[in-house]
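Engineer:
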Amino acid sequence: MPEIFAKSAKTVRVGGSESKSTVSKDELKDRRCTSNELKEIMKKISFRTPSLAKRLIQRVAEEKLGGFFAVFCSKDDFTYVSRGKTYCQTENNGVVCYAFQHH
1 MPEIFAKSAK
11 TVRVGGSESK
21 STVSKDELKD
31 RRCTSNELKE
41 IMKKISFRTP
51 SLAKRLIQRV
61 AEEKLGGFFA
71 VFCSKDDFTY
81 VSRGKTYCQT
91 ENNGVVCYAF
101 QHH
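Right, here's the structure in full:
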């Protein structure tokens, strides 16, 4: 298997060759959310604190959309990786939250 290196989300080098994708800001926003329903839930919740925001988002998403959701919120930078069809990242009052449905 070839080695894979990433300098950023836009630059990946596989087996010595470098690939750069040019992604517009609108495309990047679209890639941060696959569900309009989840996006609306997250936008309606006022993110006063990351701890409160994650619990409210999880509770409302599970009630309205069904299934199980994991939610991460922070006022600071964070990184994550996940797999799933339903996910969304939003920002409200300086708090960034990422939610995804899992099984």
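Each residue of the sequence shown is one higher than the one before, starting from 1 at the first, in UniProt numbering.
Positions of the beta carbon are idealized from the N, C-alpha and C atoms, including for glycine.
(1) Is Val81 buried or exposed, if buried means 16 or more other CB atoms sit within 10 Å of its CB?
(2) So, helix, strand or coil for Ser74, using DSSP?
(3) Among His103, Ser74, Gln101, Thr34, which residue has its Cα nearest to the Cα of residue 149?
(4) Taking 8 Å as the cut-off, decide whether the C-beta atoms of Ile41 and Lys64 are in contact.
(5) So Val60 packs on Ala99, CB below 8 Å; how close in whole Å?
Structural biologist: From the atom records:
(1) exposed
(2) strand
(3) In the structure as shown, the chain begins at 1 and stops at 103. Residue 149 is therefore absent and cannot be evaluated.
(4) yes
(5) Actually they are not in contact, since the Cβ atoms of Val60 and Ala99 sit about 10 Å apart, beyond 8 Å.
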